[in-house]
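Numbering-wise (this note's numbering), the sequence shown opens with residue 350 and increments by one. Where is the CB? At the ideal position from N, CA and C, for every residue including glycine. Okay, so here's the structure we're looking at.
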Amino acid sequence: MNLSSLSEEYTVRKLEQGDIDRIFLLCNGNPLFYRYCPPAVTRESIAEDMRALPPGKTAQDKFYFGFWRESDLIAVMDLILSYPNRETAFIGFFMVEQREQKRGIGTGIVSYICQRLKEEGFSFVRLGYAKGNPQSRAFWLKNGFRETGVVCENPGYTVIVLEKEL
């Protein structure tokens, strides 16, 4: 997937080790997320997330990227292609800079990503949110995602899996 095609408004590029401090600041500014999805973010947890892969996937299927406005990191997304099946892309993580929230930026990014994934031949986008997080739940439902009935237990929280047909 060509990352530069994922936004007309922002510069989109793969995030690397040198970006961890910027990612940490963005994530640390969103304490509500980590209240429902512990533990709190650390630089080490970001480095682990950058490498983490679901079973059967390779680094070629994973895109951990940022949306930039000039030198400002506006949003971070972790996207796994063809997971859990060929027709589905999985958003493993998405977070918008706290000061940029409630302006339609996240919705615009997600809408554009979904459009591009449909053009790439995907039929569904799937993701999970931490049960009880009202902000995450409202955001994803507003953006057309629906509960699948799949629930995953993790240490310290429960994940509710959502899906959107493209």
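Simplified DSSP assignment, three categories, for residue i
i      : result
Cys386 : coil
Met399 : helix
Thr407 : coil
Leu422 : strand
Leu430 : coil
Leu515 : coil
Sequence-distant residues of the same chain with beta carbon closer than 7 Å to residue i, five excluded per side
i      : result
Leu374 : none
Cβ shell of residue i (< 6 Å), same chain only, five flanking positions each side left out
i      : result
Ala479 : Tyr385, Cys386 and Tyr506
Chain-order list of residues whose beta-carbon lies under 8 Å from that of residue i (same chain, five-residue window excluded)
i      : result
Glu446 : Leu375, Gly378, Asp421, Leu422, Ile423 and Ala424
Val500 : Lys480, Thr507, Val508, Ile509 and Val510
Closest residue to residue i among the options (Cα-Cα distance)
i      : options                   : result
Asn503 : Arg418, Gly415 and Gly477 : Gly477
Glu397 : Lys491, Phe416 and Gln366 : Gln366
Lys411 : Leu355, Arg418 and Ala401 : Ala401
Phe443 : Gly498, Ser460 and Asn434 : Ser460
Whole-Å CB distance - residue i paired with residue j, under 8 Å assumed
i      : j      : result
Pro403 : Tyr432 : 6 Å
Check: In chain order, which beta strand (DSSP E) runs of at least 3 residues are fully inside the segment 350-375?
Finding: 360-363
Checklist line | In chain order, each alpha helix (DSSP H) run of at least 4 residues that lies wholly inside the segment 452-506 | finding: Qualifying alpha helix (DSSP H) stretches, in chain order: 454-468 and 483-491.
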